[in-house]
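Below is one structure, written out as structure tokens; the observations come after it.
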Amino acid sequence: MAAQKKKNIKAAAKPSVRITASKFHIAIVASRFNDFISKALLNACWMELKRSGLRDEQITTIWVPGSFEIPAAALKLARKKNVDAVICLGAVIRGETYHFEVVANEAGRGMMQVSLATGKPVIMGVLTTDTVDQAQKRAQDKGGANKGLDAARSALEMIALLKQIK
Ligand code: INI
Numbered sequence: 008m009a010a011q012k013k014k015n016i017k018a019a020a021k022p023s024v025r026i027t028a029s030k031f032h033i034a035i036v037a038s039r040f041n042d043f044i045s046k047a048l049l050n051a052c053w054m055e056l057k058r059s060g061l062r063d064e065q066i067t068t069i070w071v072p073g074s075f076e077i078p079a080a081a082l083k084l085a086r087k088k089n090v091d092a093v094i095c096l097g098a099v100i101r102g103e104t105y106h107f108e109v110v111a112n113e114a115g116r117g118m119m120q121v122s123l124a125t126g127k128p129v130i131m132g133v134l135t136t137d138t139v140d141q142a143q144k145r146a147q148d149k150g151g152a153n154k155g156l157d158a159a160r161s162a163l164e165m166i167a168l169l170k171q172i173k
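Below you can see the structure in the form of structure tokens.
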């Protein structure tokens, strides 16, 4: 019993599937609003996908005006037969009004809806922060802190995992 528990906990700490990127096609939807953050996320995401073995032609990137528009584009891409996952990148940074909540909540809800409706991984690489500084810290490359890198890894893991579940 104790040994099985130990084994399960150990297994949870790292991806349970082998990630081989040779045949995947990944679509990235990036938000132009706060594009100084989106570009930094995109760069780290792209580098990680390439490091994992994807070729340029296996990655499609499209830009939308703001994070609120991400789900509509993600849905169209996720419905494509040759797209295995959609990675969404952007930054919603709190301002003085309720707009932040609406954009952040609806973007998040929309991404999850696309994933559940299509059965494909839709990765939430949209930062929701109180300040620009918090966003910049999560979009910098020092110490592997860039959430674009995490988004790439999550996409690859989820593609492999969902394909494995029969
Ligand atoms: N879009 C973002 O991606 N981040 C934000 O911080 C943001 N703020 O703060 O307003 C934002 N707004 C634009 C929104 O996503 C839509 O593009 C716009 O409302 C038009 O539908």
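Residue numbers 8 to 173, in my numbering, belong to the letters of the sequence shown in order. Glycine included, C-beta positions come from ideal geometry on N, C-alpha and C. These numbers come from a predicted model, not from an experiment.
{"Item": "Would you kindly check if the distance between the Cβ of Val-71 and the Cβ of Arg-116 is under 9 Å?", "Value": "no"}
{"Item": "Can you find the residues in the same chain that come closer than 6 Å, C-beta to C-beta, to Val-133, ignoring five residues on each side of it along the sequence?", "Value": "Ser-74, Cys-95, Gly-97 and Ala-114"}
{"Item": "Note down the Cα distance separating Ala-145 from Leu-56, rounded to an integer number of angstroms.", "Value": "The sequence given here places Arg at residue 145; Ala does not occur at that position. Answer to the nearest angstrom: the Cα atoms are 18 Å apart."}
{"Item": "For Gly-97, which beta-bridge partners are listed by DSSP?", "Value": "Val-133"}
{"Item": "What does DSSP give as the partner residues of Val-71 in its beta bridges?", "Value": "Ser-38"}
{"Item": "Report yes or no: do three or more beta-carbon pairs, one from the stretch 150-157 and one from the stretch 51-68, lie closer than 8 Å?", "Value": "yes"}
{"Item": "Taking the alpha-carbon positions, what's the Lys-170 to Met-119 distance?", "Value": "18 Å"}
{"Item": "DSSP three-state call for Ala-152: helix, strand or coil?", "Value": "coil"}
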